[in-house]
Amino acid sequence: MQKNVNVGIIFILAATIFGALIGLFGKLGSMETSVPIALFLRFGLPALIVLPGALQFKWHFFHWGMLKWLLLRSGIVFLTQICYFYYLSKGSLINAVLLISTCPLFMPILGRIFLKHKVKKKTVFCLIIGFSGVALILKPTSGLLDLPALVGLCSGLFLACTQLTLHKVTKMISIAPQLCLVFGICAFLSLGVVLAVPGQLSSYVWNDTSLVLIFLALGFSSVCNQILRSLAYRHVNNPSTLAPFMYMTLIFTGILQYFVFKELPDFMSIMGSILIVGAALFMGRWRKRPPVGG
Numbered sequence: 383m384q385k386n387v388n389v390g391i392i393f394i395l396a397a398t399i400f401g402a403l404i405g406l407f408g409k410l411g412s413m414e415t416s417v418p419i420a421l422f423l424r425f426g427l428p429a430l431i432v433l434p435g436a437l438q439f440k441w442h443f444f445h446w447g448m449l450k451w452l453l454l455r456s457g458i459v460f461l462t463q464i465c466y467f468y469y470l471s472k473g474s475l476i477n478a479v480l481l482i483s484t485c486p487l488f489m490p491i492l493g494r495i496f497l498k499h500k501v502k503k504k505t506v507f508c509l510i511i512g513f514s515g516v517a518l519i520l521k522p523t524s525g526l527l528d529l530p531a532l533v534g535l536c537s538g539l540f541l542a543c544t545q546l547t548l549h550k551v552t553k554m555i556s557i558a559p560q561l562c563l564v565f566g567i568c569a570f571l572s573l574g575v576v577l578a579v580p581g582q583l584s585s586y587v588w589n590d591t592s593l594v595l596i597f598l599a600l601g602f603s604s605v606c607n608q609i610l611r612s613l614a615y616r617h618v619n620n621p622s623t624l625a626p627f628m629y630m631t632l633i634f635t636g637i638l639q640y641f642v643f644k645e646l647p648d649f650m651s652i653m654g655s656i657l658i659v660g661a662a663l664f665m666g667r668w669r670k671r672p673p674v675g676g
């Protein structure tokens, strides 16, 4: 069955805006508290927001054939965010998003290995262009490839895995129950981290309005990001089709970093951004009737 790929592109572009906001509020939240607390609230608040989706639960969700995909997706989402928030606490916002944005580089490889999808030459070409732009912005000769950077890079690998599991899960379960279960499982795992690290719940002023607003915004952005991604993958047969468009998160993050932290991108970052946007635009020149798997 053919899919409306252009609709999927619109949804994934909207998701990248909220992806950039997750990075911003996650950075601000971890600066004010800690990585375990920020991670727990990153999942716990969205779980409460989508809790009404629990009313749509059906018993077949808990059959092993369905449950194993939910558990797998939840575990990988949790690993992705651990790596991401760890680097957010060590490095800059833009570099954290750049490292997690290597996700599209891994997606076609994982799709080929696990889903047996054919990787088109056009997709490979666009990914090479896009990753070249990422390399220009990262400037690996500047010492980025240390332990925090390697952990941050793992967030890109794990994010690619989550996109493949999301592509599978969205075809099995409606969005609200899926999000409620995934956020709930990840919140439970995050709570374990909070309880394992002493002094996490008593070290911060929780009546600080700005802190509460930061985490509420983080929760809302997380829900919007996941809903839009789920809608995007319902409109494509091959998840790697949307990979180049995820790079747009970098552009939105650069804008946020300028307005919030007053940091301007340098020449290399601008050139890298041009390559990234160029890859996305070239990938957007779809034929009117894309073939199955496109």
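In this text, residue positions in the sequence shown follow my numbering: the first is 383, and each later residue adds one. Glycine included, every Cβ here is placed at the ideal spot set by N, Cα and C.
Item	Value
The segment 393 to 403 in contact with the segment 598 to 614 per 3-pair CB rule at 8 Å	yes
Whole beta strand (DSSP E) elements within the segment 435 to 508, 3-residue minimum	none
V515, buried or exposed, once every other Cβ within 10 Å from all chains shown has been counted against 16	It is worth fixing the name first, because residue 515 is Gly in this sequence and not Val. It is buried - the Cβ of G515 has at least 16 other Cβ atoms within 10 Å.
Among A614, G654, T547, Y640, nearest to N388 - alpha-carbon criterion	A614
R424 - containing alpha helix (DSSP H), residue span	417 to 431
Nearest-angstrom Cα separation, counted from K498 out to V594	45 Å
Cβ neighbour criterion (16 or more within 10 Å) applied to I658	buried
T484 burial status per 10 Å Cβ neighbour count (16 or more: buried)	buried
Run of the alpha helix (DSSP H) containing I555, from where it starts to where it stops	Counting along the chain, I555 falls outside any alpha helix (DSSP H), and DSSP gives it neither H nor E.
Beta-carbon gap between I557 and M448 smaller than 8 Å	no
DSSP state of R611 mapped onto helix, strand, coil	helix
C-alpha gap between A531 and I458, whole angstroms	19 Å
As assigned by DSSP and simplified to three states, the class of E645	coil
Neighbour-count burial assignment, N386, 16 or more Cβ in a 10 Å radius	exposed
Top-ranked residue by Cα proximity to Q608, from S537, L541, L577, I656	L541
Per-residue DSSP class, three states only, for N388	helix
Length of the line joining the Cα atoms of L577 and M413	19 Å
Rounded separation between M489 and L452 - CA only	19 Å
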